[in-house]
Amino acid sequence: MAMYVMEEMPDIHGTGEQVLYPRFAMMDQVSTEELIRQIASSSGFNVGDVEGVITQIGIEMAHQMAEGKSVKLDGIGTFSPSLALCKDKEREKAGEGETHRNARSIVVGNVNFRVDRKMIRRINGRCLLERAPWKSQPGNPPLPSLSISNLAATR
20 MAMYVMEEMP DIHGTGEQVL YPRFAMMDQV STEELIRQIA SSSGFNVGDV EGVITQIGIE
80 MAHQMAEGKS VKLDGIGTFS PSLALCKDKE REKAGEGETH RNARSIVVGN VNFRVDRKMI
140 RRINGRCLLE RAPWKSQPGN PPLPSLSISN LAATR
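Quick note, the sequence shown lines up with residues 20 to 174 if you use our numbering.
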């Protein structure tokens with residue numbers, strides 16, 4: 020069962036109104052190894068095949084994005100590279116006679132991900148939410164004040 024906390028939204032308009040919104044209380048992260056084992060146990064593929072395919076997908080995605088393409092995985096989402104300046108390089112200024120950046124001073128700084136709507140529907144179809152028994156701390160991720168093993172005992 021997934022848990023959520025209610026978190027206060029910053030009052031950017033200065034209205035004095037307290038607005039709360041729900042936020043997932045992430046209690047764990049699934050490793051690649053665990054994901055591979057889960058896929059292998061629920062499919063006809065062995066662990067080695069699943070690991071090989073995942074590795075090759077990562078390698079091919081990097082190749083395609085290095086060619087300036089985004090990568091869409093149906094049912095998962097779209098990955099798009101974004102650019103940044105190398106460290107210690109100043110931004111280019113508009114105008115004649117100003118310093119201009121060449122390709123060697125620009126690198127891939129991040130990869131953006133946009134989730135496929137099908138993935139959202141799959142998650143919503145399986146997600147059972149329950150309010151967490153702890154409160155979110157302003158500016159901090161909503162972490163439990165109880166350990167996960169103790170949390171089961173509090174139910």
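Beta carbons: idealized from backbone N, C-alpha and C, even for Gly.
Residue state for M138 is assigned as helix, using DSSP reduced to three classes.
For A59, the enclosing alpha helix (DSSP H) covers residues 51-60. DSSP places M25 inside the beta strand (DSSP E), whose first and last residues are 21-28.
Burial of V24 is indicated by the presence of at least 16 other C-beta atoms within 10 angstroms of its C-beta. The beta-carbon distance between M22 and A44, rounded to whole angstroms, is 4 Å. This is short enough to meet the 8 Å contact definition. One Cα belongs to L104, the other to F64, and the distance between them is close to 42 Å.
In the displayed model, T97 falls within a strand according to three-state DSSP.
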